[in-house]
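J.: To start, I am sharing the structure in question, which I have written as structure tokens.
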Amino acid sequence: MRKLGVIGIGNVGVTVAYTIVSQGIADELVMIDTNDKKVLAEKLDFEDAMPRMPYHTEIKIQDYADLKDADVVITAFGDIQASVRTGNRFAEFEINSKNAVEVGRKLKEAGFNGVLINISNPCDAITTILQQETGLPRNRVFGTGTFLDTARMQHVVGDYLHQDSRNIDGYVLGEHGNSQFNAWSTVRANNKPITEILSQAELEALDSKPSEGAWTVASGKGYTSYAIATCGVRLAQAVMSNAKLFAPASVYVEALGTYIGYPAIIGAEGAEEVVELKLNAKEEEQLARSVQYIKDHVAQLGKD
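Numbering that gives the first Met the number 0 puts the first residue of the sequence shown at 0, with every later residue one more than the last.
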């Protein structure tokens, strides 16, 4: 039986849950939130929809014990308004670091031994805390990280070239936040290096477009939901089907000593293998700055 859990049923979490239910991705779904009325309402709404759906999903709520035998748990707790107000995902760190400690401990107490996928921001730092609190192996805890930012880059480059965004390959690396960067040396359009298609001036003009688009969505709606939920569910599917998906995510990179957006093989054991990239000198410097930014903020947690 395919069993998934979602912790945090806000705008993102409920979109994750709806995607799971409407696409028949799990046989059993467990939803947990601090708002009892909200999570019950979402459960009943999903169940009202099921007579018109081609799939059936058993839904349980508000009990961590039900997550003991879950294949995958997705965490999506947080206060998106803090990020929207400041333009910085680390604005959620104070509240979400506390949430991560509480959720991690409850998952450990429940005996959860599946794969944990974190969406909550700041993604890399919160993923670090969740791994520490659950005690799960690092490969079995990872975050969506720059999987979403890479999709945004594909969208921007695809639009600029009048191509389907799925024809664009390559990566956004680093923190899922302000220190992330487009690794243009890795980007290809229809298998041709983007550096052979676009000028340096064009690449510089496109550089900030993915993150600008993200804040346009967040400020316009007050949150983001569909794209990030799609990313979270896609990674969960890769785990549940042992897909060996090659994708950037917030994974622990041993050589860097932190969770950070970097390509890995995603399968039944989580982030099963980190795949080393050959970056140019500028990109190596950008990656190093992003690594230090994440480490500095995680270290600050122990001082507060």
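Backbone N, C-alpha and C fix where the C-beta goes; we use that ideal spot for every residue, glycine too.
Please read all numbers here as calculations on a predicted model, not as lab measurements.
#1: Which value, in whole angstroms, describes the spacing of the CA atoms of MET30 and TYR63?
#2: Relative to the alpha-carbon of GLY142, which residue among ALA298, CYS230, VAL171, LEU197 has its alpha-carbon at the smallest distance?
#3: Which residue wins for smallest C-alpha separation from ILE118, given the options VAL274, GLU275, ARG233?
#4: Where do the N-terminal and C-terminal ends of the beta strand (DSSP E) with SER240 fall, by residue?
#5: For THR126, collect the residues of the same chain with a Cβ closer than 7 Å to its Cβ; drop the 5 residues on either side in sequence, then sort them by chain order.
#6: Please report whether the beta-carbon of GLY219 lies at a distance below 8 Å from any beta-carbon of chain B.
#7: Identify which residue in ALA237, MET152, PRO136 has its Cα closest to the Cα of GLU253.
#8: Quick one: what's got a C-beta closer than 6 Å to LEU160's C-beta in the same chain, skipping five residues either side?
#9: Exposed or buried, what is ASN331 when buried is set at 16 or more other beta-carbons lying within 10 Å of its beta-carbon?
#10: Can you tell which of ALA69, MET49, GLN80 has the C-alpha that lies nearest to the C-alpha of GLY221?
#11: In the DSSP assignment, the alpha helix (DSSP H) including LEU300 goes from what residue to what residue?
#12: State buried or exposed for LYS2, treating a residue as buried only when at least 16 other CB atoms are found within 10 Å of its CB.
#13: In chain order, what residues of the same chain lie with their CB nearer than 6 Å to the CB of LYS42, ignoring the 5 residues before and after it?
#14: Going by CA-CA distance only, name the one from TYR251, PHE245, THR185 that's closest to ILE264.
#15: What span of residues does the alpha helix (DSSP H) with ASP158 cover, start to end?
#16: Measure the beta-carbon distance from VAL155 to LEU205 and round it to whole angstroms, keeping in mind my assumption that it falls under 8 Å.
#17: Do you know how far the Cα of ALA217 is from the Cα of VAL186?
#18: Using 8 Å as the threshold, is the C-beta distance between ILE128 and GLY103 below it?
#19: Mapping the DSSP letters down to three states, classify ASP47 as helix, strand or coil.
#20: Return helix, strand or coil for ALA188, following the three-state DSSP convention.
#21: Looking at the structure shown, is ASP65 part of a helix, part of a strand, or coil, going by DSSP?
#22: In angstroms with no decimal places, state the Cα-to-Cα distance between ARG165 and ASP158.
#23: For the alpha helix (DSSP H) that LEU129 lies in, which residues bound it at each end?
#24: Looking only at C-alpha atoms, which of ALA40, GLU283, ASP44, ILE8 sits nearest to SER72?
#25: How is PHE76 classed by DSSP in three states: helix, strand or coil?
#26: What are the boundary residues of the beta strand (DSSP E) that includes ASN117?
#27: Kindly indicate which three-state DSSP category LYS277 falls into: helix, strand or coil?
#28: Could you compute how far the alpha carbon of GLN236 sits from the alpha carbon of ALA228?
#29: Given a cut-off of 8 Å on the beta-carbon distance, is the pair ILE94 and ASP68 in contact?
#30: Comparing alpha-carbon positions, which option in THR18, ASN241, TYR17 lies nearest GLU271?
#31: Buried or exposed: where does ARG151 fall if 16 or more other Cβ atoms within 10 Å of its Cβ makes it buried?
#32: Three-state secondary structure (DSSP) at PHE111?
#33: Drop a sphere of 10 angstroms on the beta-carbon of THR215, count the other beta-carbons inside from all chains shown, and report buried for 16 or more, exposed for fewer.
T.: So, from the listed chains and residues:
#1: Distance between the alpha carbons of MET30 and TYR63: 9 Å.
#2: Checked all of ALA298, CYS230, VAL171, LEU197; the closest Cα to GLY142 is CYS230.
#3: The shortest Cα separation from ILE118 among VAL274, GLU275, ARG233 belongs to ARG233.
#4: Here SER240 belongs to no beta strand (DSSP E), and DSSP marks it neither H nor E.
#5: Cβ neighbours of THR126 beyond the five flanking positions: ASN117, VAL140, PHE141, GLY142, SER249, TYR258.
#6: Protein chains in the displayed structure number just one, and chain B is not present.
#7: Looking at the Cα atoms, PRO136 is the closest of the given residues.
#8: If we look at LEU160 and ignore the five residues flanking it on each side, its Cβ neighbours are ALA188.
#9: Outside the displayed span of the chain (0 to 303) sits residue 331, for which this structure offers no information.
#10: Looking at ALA69, MET49, GLN80, the one whose alpha-carbon comes closest to that of GLY221 is GLN80.
#11: 280-300 is the span of the alpha helix (DSSP H), which, as asked, contains LEU300.
#12: The residue is buried, with at least 16 neighbouring Cβ atoms inside 10 Å.
#13: Excluding positions up to five away in sequence, the list reads ILE58, ILE60.
#14: Cα-wise, what sits closest to ILE264 is PHE245.
#15: Run containing ASP158: 146-160, per the alpha helix (DSSP H) assignment.
#16: Rounded, the Cβ-Cβ distance is 6 Å, consistent with contact.
#17: Cα atoms of VAL186 and ALA217: separation of roughly 26 Å, rounded to the nearest angstrom.
#18: Yes, the pair counts as a contact, with Cβ atoms nearer than the cut-off.
#19: Correct three-state label for ASP47: helix.
#20: Residue state, collapsed to three classes: strand.
#21: In this structure, DSSP gives ASP65 a helical state, which the three-state scheme calls helix.
#22: If you draw a straight line from the Cα of ARG165 to the Cα of ASP158, it is about 11 Å long.
#23: According to the DSSP assignment, LEU129 belongs to the alpha helix (DSSP H) that extends over 122-133.
#24: The question names Ser, but residue 72 in the sequence shown is Val. Checked all of ALA40, GLU283, ASP44, ILE8; the closest Cα to VAL72 is ILE8.
#25: In the structure shown, PHE76 sits in coil (DSSP, three-state: anything other than H, G, I, E or B).
#26: 114-117 is the extent of the beta strand (DSSP E) around ASN117.
#27: Note: LYS277 maps to coil in three-state DSSP.
#28: Distance between the alpha carbons of GLN236 and ALA228: 12 Å.
#29: Not a contact, by the Cβ cut-off of 8 Å.
#30: In terms of CA proximity to GLU271, ASN241 leads the group THR18, ASN241, TYR17.
#31: ARG151 comes out buried.
#32: Three-state DSSP puts PHE111 in coil, outside helix and strand.
#33: Classification for THR215: exposed.
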